[in-house]
Amino acid sequence: MRRPAPVLLPGTSLLAWRNLSHDRTRLIATLVGIAFSVVLMGAQFALLIGFARTASTLVNHADADLWVVPLGTTNADIAGRMPLRRRYEALSVPGVASVDEYMVQFAFWRKPDGGSESVIITGFPLASGRGGPWAMAAGSPADLHVADGVIIDRLYRDKLGVHELGQVVEINSQRARVVGFTDGIRTFTQSPFVFTTHARAQRYTRFPEDQTTYLLVKLAPGADIGEVRHALAERLPWVEVLGRDEFARRAQRYWLITTGAGAALLLAAALGLVVGIVIVGQTLYASTLDRLAEYATLRAIGADRGYLNRVIIKQAALSAALGFGIGILATGLLVLHSRSGNVAMALPLWSVLLLAALTLFMCLAGALVSIRRLTRIDPTMVFQ
Amino acid sequence: MSGEALLELAAVGVTYGHGATAVEALRGVDLALRAGEVTLLLGPSGSGKTTLLQVMGCMLRPSSGAVRLHGQSLAGRSLEELTRLRLRHFGFVFQHYNLFPTLKAWENVGIALDLKAVPREDIEAEATRLLAQLGIGELAGRFPSELSGGQKQRVAIARALAGAPRILLADEPTAALDGRTGQEVVRVMQALAHQRDCALLIVSHDPRVEEFADRVLHLEDGRLARRSRAEDAPCA
């Protein structure tokens, strides 16, 4: 009876696979090491991306083409102030379709059962809804018509001591009623966003009625964003006019770089990479040393250096593929789990591909020591 | 049996080390391996047998003298060139079989075929055919750990025959085998060498191998000291 055709024919791929799979204990140790590195790097990446998105979440979701911000603004959460009349000045610039006032200010939230928390009051005009809450889980922005109405995210219900809609709390010693919950609007500063009307935000933060923190500009159809931006900057004194992406990047840079949070995350990811290289290097080198006689035999019967190197490289690549598979699965579970928690994690496709490339690099770098050892192998040892 | 000289050594010497610590492993060795001829090389430990095997197998460049393969001098060839020559012209049988433990019998033979660029779709059939020729076709799917010493050595011989090399070098092929199995293995090698018109050199301590050799050479202190059975004409 004819045997079924083998999946792998004799060659470097078969040798690589058998070398790996023959020693199960070492294979498991290698894969655990690689998976650990992938999880370590992946978790740091996911945190970094999640933090970056969180750091600019207001900017990304406010649906504005241009932001008019007070001079010296570094991020959306910590705002200066500007006269509200700038809104009318902005409206007079050709190409501007609408301008909405937007308030972002820190305040103190007193929980119903005592204790207080810092929150970020976010005020928007109910008429346009621009800058308002998104991802509503209960209630709607229209419910803010209710007197003292505010909307918070359900991720922070425990932190803010709120268990159901309609509960009454105090913001800076003024009455507020929770009329809606959003789902998954996280804050980088860990001071939860509290959405309300612009006027109510002014009141809660004791902001002068003729002042605001930002203006959100929408362009008329066909208007050139560069020209409108330039015209706004010329027309409005003591402010900056920023594109949405530019402001988002500025906010991300501020929170991730100037605070050192990004560097810490990147350092941990780099450590994961180093740990992976060391683990793969060690296990692959130990495997190579165990099989030196086999490699010498290959050299003796006519294999060139390239053939031996391909065996090692394929071992490394196979390890990378298997370890990455396990690691990315674990990282994915972590990211999924984080959706119900306060910690923002995100792993878009491009970061998965980057992680895969880094894992391959890590394993190939680990293989270099073995390859270097094999360049010195002496085929005459088969006769000793 | 064509009797053409496939590999020739002329006044080959190998010296390890320098100055006062220099050791002459081979001294003025003249030797030719001829097609269809089985040559047995005997000699005590330290006589230079292994060094001679390394020189003949294009793994070690001699300190003096000349080596010619199919009439072409090997002087000045790089290590990678020598590797390619080994691949093309030589088959090796080792004392401890040197099989790849993670590969099945046919895969062990298949590796040599892969190295010799045999088309991938033909490798399994060719490997199985070689094993069948050695009388172990039914063991093709077994790993070396599932084979006896004699069976392993037959797999190693099949591997050495892969790609039909004209020169077979066997290093103590019976040393790890019991007497009867050892004789069987050498008988098979002798038959194949004659049948395929190969030059077969067997390096051994085992005097029982003598009956299978067309000629017997003795190496002592790095010199070919005595020839028996057939006269060996040193290469010119």
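Residue numbers (our numbering), protein chains in the order written: chain A, 95 to 478; chain B, -6 to 229. Don't be surprised by glycine CBs; every beta carbon is placed ideally from N, CA and C.
Helix, strand or coil for residue i per DSSP?
i, result
"Gly142/B", "helix"
"Ser210/A", "strand"
"Gly215/B", "coil"
"Trp99/B", "helix"
"Glu114/B", "helix"
"Ser381/A", "helix"
"Val405/A", "helix"
"Gln346/A", "helix"
"Asp194/A", "strand"
"Gly419/A", "helix"
"Asp225/B", "Caution is warranted here: a pLDDT of 48 is assigned to Asp225/B, below 50, making its placement in the model unreliable, and no coordinate value can be reported."
"Ile215/A", "strand"
"Tyr389/A", "helix"
"Met230/A", "strand"
"Glu203/B", "helix"
"Asp398/A", "coil"
"Phe301/A", "coil"
"Gly426/A", "helix"
"Asp164/B", "strand"
"Gln199/A", "strand"
"Val148/B", "helix"
"Ser66/B", "strand"
To the nearest angstrom, report how far apart residue i and residue j are at their CA atoms.
i, j, result
"Pro442/A", "Ala394/A", "49 Å"
"Arg180/A", "Phe139/A", "40 Å"
"Val190/A", "Glu303/A", "24 Å"
"Asp117/A", "Thr148/A", "45 Å"
"Arg112/A", "Leu2/B", "40 Å"
"Arg175/A", "Phe287/A", "19 Å"
"Cys191/B", "Ile373/A", "48 Å"
"Asp277/A", "Asp247/A", "6 Å"
"Gly134/B", "Asp107/B", "18 Å"
"Leu330/A", "Arg300/A", "25 Å"
"Ala229/B", "Thr8/B", "Unreliable placement is indicated for Ala229/B, whose pLDDT of 33 sits below 50; no coordinate value is reported for it."
"Met475/A", "Pro104/A", "24 Å"
"Leu309/A", "His155/A", "14 Å"
"Val181/B", "Ala157/B", "16 Å"
"Ala221/A", "Ile319/A", "24 Å"
"Cys457/A", "Gln409/A", "9 Å"
"Ala169/B", "Gln88/B", "7 Å"
"Pro227/B", "Leu62/B", "Legend: pLDDT at Pro227/B = 45, less than 50; position of this residue unreliable, value from coordinates given subsequently. Using only the alpha carbons, I get a separation of about 15 Å."
"Ala415/A", "Leu454/A", "8 Å"
"Val335/A", "Ala293/A", "23 Å"
"Val446/A", "Leu350/A", "21 Å"
"Gly255/A", "Gly274/A", "14 Å"
Decide if residue i is buried, meaning its Cβ has at least 16 other Cβ atoms within 10 Å, or exposed.
i, result
"Pro188/A", "exposed"
"Arg86/B", "The sequence shown places Val at residue 86/B, not Arg. Val86/B should be labelled buried."
"Glu328/A", "exposed"
"Glu82/B", "First, the amino acid is wrong: residue 82/B is His here, not Glu. Its Cβ being crowded by 16 or more others within 10 Å, His82/B is buried."
"Gly417/A", "buried"
"Gln188/B", "exposed"
"Gln199/A", "buried"
"Ile122/A", "exposed"
"Tyr182/A", "exposed"
"Leu361/A", "exposed"
"Arg466/A", "exposed"
"Gly172/B", "exposed"
"Arg323/A", "buried"
"Ser138/B", "exposed"
"Ser434/A", "exposed"
"Pro55/B", "buried"
Could you tell me the boundaries of the alpha helix (DSSP H) in which residue i lies?
i, result
"Met49/B", "42 to 49"
"Ala295/A", "292 to 298"
"Leu254/A", "251 to 254"
Could you please give the first and the last residue of the uninterrupted beta strand (DSSP E) stretch that includes residue i?
i, result
"Ile265/A", "262 to 265"
"Ile465/A", "Taken as a continuous stretch (DSSP letters only), Ile465/A belongs to no beta strand (DSSP E), being part of the alpha helix (DSSP H) at 443 to 469."
"Gln268/A", "268 to 276"
"Ala186/B", "Taken as a continuous stretch (DSSP letters only), Ala186/B belongs to no beta strand (DSSP E), being part of the alpha helix (DSSP H) at 172 to 189."
"Arg79/B", "Note, Arg79/B: premise wrong, no beta strand (DSSP E); alpha helix (DSSP H) at 72 to 82."
"Leu0/B", "-2 to 9"
"Val196/B", "192 to 197"
"Gly21/B", "16 to 27"
"Gly279/A", "In the sequence on display, residue 279/A carries Ile and not Gly. Unbroken run through Ile279/A: none, as it is neither H nor E."
"Arg61/B", "57 to 62"
"Asp247/A", "243 to 247"
To test your reading of the DSSP string, which unbroken alpha helix (DSSP H) runs of 4 or more residues are found completely within the region 114 to 189 of chain A? 118 to 149, 151 to 155, 180 to 185
Please go through the region 303 to 370 of chain A and give each complete beta strand (DSSP E) segment of 3 or more residues, from N-terminal end onward. 308 to 313, 333 to 337
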